[in-house]
Structures are given as structure tokens and as C-alpha cells.
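Q: Each number in this note's numbering corresponds to the 1-based position in the sequence shown with 932 added.
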Amino acid sequence: MRDFVNQKTKNLQPSGIRKFFDIVSVTEGAISLGVGEPDFVTPWKVRSAAITSLQRGYTQYTGNRGMPTLLNLISRYLEERFALAYDPKHIIVTVGGSEAIDLALRACVERGDEVLIPDPAYVSYSPLVLMSDGVPVHVECLERDNFVLKPEYLEKAITPKTKALILTYPNNPTGGIMTKSDLEAVAKIVIKHDLLVISDEIYAELTYGQKHASIAQLPGMKERTVYVSGFSKAFAMTGWRMGYVCAPPQIDEAMFKIHQYGIMCAPTMSQFAAIEALKDGLSDNFATVEEMRESYDKRRKFVLYSLKEIGLDCFEPRGAFYAFPSVRSTGLNGEAFANGLLASQKVAVVPGNAFGQFGEHNVRLSYATSMNSLSEAFDRMSKFLAQNR
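1) Could you please give the first and the last residue of the uninterrupted beta strand (DSSP E) stretch that includes Arg1296?
2) So is Phe936 buried or exposed if we call it buried at 16+ other beta carbons inside 10 Å?
3) Going straight from the alpha carbon of Met999 to that of Gln1149, what length do you get?
4) According to DSSP, is Met1174 part of a helix, a strand, or is it coil?
5) Could you give the first and the last residue of the continuous beta strand (DSSP E) run that contains Ile1024?
6) Quick one: measure Cβ to Cβ for Thr1200 and Pro970, integer angstroms, because I've assumed they're closer than 8 Å.
7) Tell me where the alpha helix (DSSP H) around Ile1109 begins and ends.
8) So with Cβ pairs under 8 Å, would you call Tyr1009 a contact of chain C?
9) Can you name, in chain order, every residue of its own chain whose Cβ lies under 6 Å from the Cβ of Asn996, other than the five neighbours on each side?
10) Closest by CA to Val1279, which one among Phe1316, Gly1288 and Phe1287?
11) Just mark Val973 as buried or exposed, buried being the case when its beta carbon has 16 or more other beta carbons within 10 Å.
12) For Gly1029, which residues of its own chain have a beta-carbon under 6 Å away from its beta-carbon, when the five flanking residues on both sides are left out?
13) In whole angstroms, what is the alpha-carbon distance linking Arg1232 and Gly1272?
14) Which first and last residues belong to the beta strand (DSSP E) in which Glu1267 is found?
15) Taking the beta carbon of Ser1302 as the centre, do at least 16 other beta carbons fall within 10 Å, making it buried, or is it exposed?
16) Quick one: what does DSSP say Val905 is sitting in, helix, strand or coil?
17) Excluding five sequence neighbours on each side, which residues of the same chain lie with their C-beta closer than 7 Å to the C-beta of Asp1034?
18) Residues bridged to Val1047 by DSSP?
19) Which whole runs of the beta strand (DSSP E) in the region 1123 to 1181 are 3 residues long or more, in chain order?
20) What is the rounded straight-line gap between the Cα of His1293 and the Cα of Tyr990?
21) Classify Glu1208 as buried or exposed, calling it buried when 16 or more other Cβ atoms lie within 10 Å of its own Cβ.
22) As a quick exercise: from Asp1114, Asp1126 and Thr1106, pick the residue whose alpha carbon is nearest that of Lys1325.
23) Tell me the DSSP bridge mates of Ile963?
24) To the nearest angstrom, report how far apart Thr881 and Lys1189 are at their CA atoms.
25) On the premise that Leu1016 lies in contact with Ser1146, defined as a C-beta separation below 8 Å, what is that separation, rounded to the nearest angstrom?
26) How is Ser1258 classed by DSSP in three states: helix, strand or coil?
27) Taking Gly1284 as the reference, which of Ala1053, Glu1137 and Ala1206 has the closest Cα?
28) What's the gap between the Cα of Ile1049 and the Cα of Leu1099?
29) Could you work out which residue in Gln1142, Pro1249 and Asn943 is closest to Lys1076 when comparing CA atoms only?
30) Under 8 Å Cβ to Cβ from Tyr1299, same chain only, skipping five residues before and after it: list those, please.
31) Going by beta-carbon coordinates alone, are Leu1062 and Lys940 separated by less than 8 Å?
32) Name the two residues that bound the continuous alpha helix (DSSP H) containing Phe972.
33) I think Tyr1101 touches Ile1090, with their Cβ atoms under 8 Å apart; what is that distance to the nearest whole Å?
34) How far does the alpha helix (DSSP H) with Arg1013 in it reach, from first residue to last?
35) Where does Tyr1018 land, buried or exposed, given buried means 16+ other C-beta within 10 angstroms?
36) Report the partner residues of Gly1251 according to the DSSP bridge assignment.
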């Protein structure tokens, strides 16, 4: 029988994050600092809204874009929180932010188009570009630059084949952010070279000491930006698979056709939950978001202190809920460090090379877990380092 699997899919590498997650799931007594998932439970009234929708029999498809009430609330939320004005008719509710990124790439990228990706970056971007027949081009972001995408590095990476730039700030895995002035420098180059920006802002609510800035806020950028976000991180709703994407009309129309045929609509009960998360003038729910942010900030400070105590250098993350320490001082690269730590101490972190070629000497650890787990994990990490120095 012939081989039915296409070569493009064969060549994709498995997710470096999921590999460690799968090992931890069958390892008794293991502590996972690997998966970026809030340890908070979705607020009860949000869960209750989904339960009530099921009890009332609201189990049919919704409109392809999503429920009108939810689209209107997303529009209002973006305007109130981030000064972004999007008409609900140009918003699509997606199955997580991942579908939104996939839609944008498939709608806009043609064979051979180059897509620039700040590196280190989330593991899905390069594979999604490849599956869209594009060419991922990694642009190095250095720790000495706070892992910010620098305009001179961006300019150097652009060729006649460059079509789009994926921006991912606050950044997973580094925790880096971009200020308005950082974004303005990038926007000038984007406009100069007539590029599209796909801006993944899923961690926009999780910044520490500074309000998030979006490139879509800048003059001339909304019409060339695909804005991606969702409910997973700030609302502790990972398993609900609730994302959304906002785009200029022509791109929105193309994405909408793909969404119609590939997904049809996001889960109905999850949309009811998302409505509850955003309604009531937003204020009640943002008290919960603020509580989560404060808790993550305490853990962030604990992680930075603990890394220093055990002798690992680490950039101070300013967003999301990750730290990206260098393990160069141990004489190990990130892969060897992560494998050794898991084997000897049952603590899972993710090798930095899972996030691109420029993270080889780092590991990513998530502090979206309890202080007890973090404390125990660092005790074990200290023992591992004592054995390997």
C-alpha cells in the first residue's frame, strides 16, 4: 500500500512542550513547570453560565462568526481595555487563539512567502507557516535587548519575498514585552516594506508594572494588522478553547471562508461561558483578572529570587507567566539540562530550543502553578545543580 501521508506533515517536528508534558503525566511524583496553563479554576459564574446553557438545551450551532452578544462584548472589551475599535462584523470567534493564527496564515500566505518570527517564540508559529506553504524566517531577539524585536534586526531579515511578521508580546517563552516606542520603531519598517503583522496578544492582560501596548493602536497599523487574542490565559479558560481574531475587511472575509468550511463555529457552551466572562460592565470579572495578575507577580518575584539563589542567570520577565533562564553556566545546553532534571529530580521544564534556534542554552519554566510546587521544584533543581557542577 502506498504512503498516504504528505511529506510536509512528515517533516514537522513534534511539539517540544507536549513531549515533556506526556512524560510528566505518567511519572509519579513529578512536578511540571512545562505547560503554560493557569492553575486557577475558571470562575464559578462562568462555569455556571455554560452549565445553564446545556440545561436549557442550547446545544445547536451558532452563527459562523459566533454569537452576536459575544461579538459585541469582545468589541466593547477591546475598546475599553486597549483603545482598539473593531466592528463586531469583522470579528471571528475561533477555537482558541491557535485557530486564529492558522486562519490568518492560510488566508494570507502563498507558496514561498516568507514570514518573520521573533526568536525565541511560541512553538506553533513555524509549523503553521510551513503548513501554509510559507517559509518561516527567525529573527534573533537577544537577552541584552530584553528579548525585544529590534528594528535593525528586523530590517536585515526582510527580503523581496517577505510578506508578514508575527508579533508575540508579551512573549512566550521569554516574558519580554514591547513598549509603545518599541512598537513604533517596528511599525515604521513594516509600513516601509508593506508587510502584514499577525499580532498574538493572548497575554495582554498579564503584564507587570506597565500597561500592554498593541501595534494595532499605532497610526497606519490597524489596516495591516491581524489581531489575535482569547480567553485562555487571563480568564483561566484554556480548556474552553475560546479565541478570537480581528482583521481588516478583505483579510477578515478570507479567514471567515476558511473558518466556515474548516470549523463552522466555536463550541456553543463555551461561547455562553465567554459571554459571562465579559458581561456586567466588565468590572466584576476584571477584579478576578487583577487577583490572578497579582498572584502571578508574587510567583514571578519568587522564581527570579530562587533562580538567583541556585546560580542561574535570568532576564526579568515583564509579561505572561514564564521565566527563561540561561543554563550556560552549568556546561549543559537546554535540552541536556531539561532531560537530566526530569530524569534525576522529576521536575519538568522545556528546553529553549523548542522555541527556536536562539534558545539553545535556555529552558522555559512556567510559574502558573502553586507556590508549594514552585518551592519544591527549586529545592529539587538545587540538588540537580549540586550534582552537575
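C-beta atoms are modelled at their ideal positions from N, C-alpha and C, and glycine is treated no differently. A quick note: this is a predicted structure, and the numbers were derived from the prediction, not measured.
A: The structure says:
1) For the purposes of this step, residue 1296 is taken as residue 364 along the sequence shown, with counting starting at 1. Per DSSP, Arg1296 belongs to the beta strand (DSSP E) from Val1295 to Ser1298.
2) Here residue 936 corresponds to residue number 4 of the sequence shown, with the count starting at 1. With fewer than 16 Cβ atoms within 10 Å of its Cβ, Phe936 is classed as exposed.
3) What you label residue 999 is simply residue 67 of the sequence shown in a count that begins at 1. What you label residue 1149 is simply residue 217 of the sequence shown in a count that begins at 1. Straight-line Cα distance between these residues: approximately 26 Å.
4) Position 242 of the sequence shown, counted from the start, is the residue given in the question as residue 1174. For Met1174, the three-state secondary structure derived from DSSP is strand.
5) The residue you call residue 1024 lines up with position 92 of the sequence shown. Counting along the chain, the beta strand (DSSP E) containing Ile1024 begins and ends at Ile1023 to Val1027.
6) Residue 1200 sits at position 268 when you count from the first residue of the sequence shown. Residue 970 sits at position 38 when you count from the first residue of the sequence shown. Incorrect: roughly 23 Å between the Cβ atoms, too far for contact.
7) Numbered from its first residue, the sequence shown carries residue 1109 at position 177. That residue, Ile1109, is in no alpha helix (DSSP H); it is neither H nor E in DSSP.
8) You won't find chain C in this structure, because it holds only one protein chain.
9) Within the sequence shown, residue 996 is the residue found at index 64, counting from 1. So the qualifying residues of the chain are Gln1192 and Cys1197.
10) To locate residue 1279, count along the sequence shown from 1; it is residue 347. Answer by Cα proximity: Phe1316.
11) Counting from one through the sequence shown, the residue named residue 973 turns up at place 41. Label assigned to Val973: exposed.
12) Here residue 1029 refers to the residue found at position 97 of the sequence shown. Ile1134, Val1160, Gly1162 and Gly1175.
13) Sequence index remark: in the sequence shown, residue 1232 carries index 300 (1-based). Sequence index remark: in the sequence shown, residue 1272 carries index 340 (1-based). Between Arg1232 and Gly1272, the C-alpha separation is close to 24 Å.
14) Residue 1267 sits at position 335 when you count from the first residue of the sequence shown. No beta strand (DSSP E) holds Glu1267; the alpha helix (DSSP H) holding it covers Gly1266 to Gln1277.
15) The residue labelled residue 1302 in the question sits at position 370 within the sequence shown. With fewer than 16 Cβ atoms within 10 Å of its Cβ, Ser1302 is classed as exposed.
16) In this structure the chain extends from 933 to 1321, so residue 905 is not present and cannot be described.
17) To locate residue 1034, count along the sequence shown from 1; it is residue 102. Around Asp1034: Leu1060.
18) Sequence index remark: in the sequence shown, residue 1047 carries index 115 (1-based). Answer is Pro1068 and Ala1096.
19) 1128 to 1132, 1157 to 1162 and 1174 to 1178
20) Translated into the one-based positions of the sequence shown, residue 1293 becomes position 361. Translated into the one-based positions of the sequence shown, residue 990 becomes position 58. Whole-angstrom Cα-Cα distance: 50 Å.
21) The count along the sequence shown starts at 1 and reaches residue 1208 at position 276. Flag for Glu1208 reads buried.
22) Residue numbering for the chain in the displayed model covers 933 to 1321; residue 1325 lies beyond these limits and cannot be assessed.
23) Taking the first residue of the sequence shown as 1, we reach residue 963 at position 31. Under DSSP, Ile963 takes part in a beta bridge, and its partners are Val1279.
24) Lying outside 933 to 1321, the shown extent of the chain, residue 881 is not represented and no answer is given.
25) For the purposes of this step, residue 1146 is identified with residue 214 of the sequence shown, where counting begins at 1. For the purposes of this step, residue 1016 is identified with residue 84 of the sequence shown, where counting begins at 1. About 6 Å separates the two Cβ atoms, so the contact holds.
26) What you label residue 1258 is simply residue 326 of the sequence shown in a count that begins at 1. The answer is strand: DSSP assigns Ser1258 an E or B state.
27) For the purposes of this step, residue 1284 is identified with residue 352 of the sequence shown, where counting begins at 1. Here the closest residue by C-alpha is Ala1053.
28) Residue mapping note: residue 1049 aligns to position 117 of the sequence shown, counting from 1. Residue mapping note: residue 1099 aligns to position 167 of the sequence shown, counting from 1. Whole-angstrom Cα-Cα distance: 7 Å.
29) Mapped onto the sequence shown, residue 1076 falls at position 144. Per the sequence presented here, residue 1076 reads as Arg, with Lys not at that position. Answer by Cα proximity: Pro1249.
30) Counting from 1 along the sequence shown, the entry for residue 1299 is found at position 367. Excluding sequence neighbours, Tyr1299 sits near Leu965, Tyr1228, Arg1231, Arg1232, Phe1234, Val1235, Phe1253, Tyr1254, Ala1255 and Leu1306.
31) Here residue 1062 refers to the residue found at position 130 of the sequence shown. Here residue 940 refers to the residue found at position 8 of the sequence shown. Cβ distance < 8 Å, so Leu1062 and Lys940 count as in contact.
32) For this step, residue 972 is matched to residue 40 along the sequence shown. Phe972 -> no alpha helix (DSSP H), and no H or E assigned at all.
33) Counted from its first residue, the sequence shown places residue 1101 at position 169. Counted from its first residue, the sequence shown places residue 1090 at position 158. Contact doesn't hold; Cβ gap of about 19 Å is too wide.
34) Reading the sequence shown from its first residue, position 81 is the one you call residue 1013. Unbroken alpha helix (DSSP H) run through Arg1013: Pro1000 to Phe1014.
35) Stepping through the sequence shown from its first residue, residue 1018 is reached at position 86. That one is buried.
36) As a first step, residue 1251 must be located in the sequence shown, where it is residue number 319. According to DSSP, Gly1251 bridges with Thr1139.
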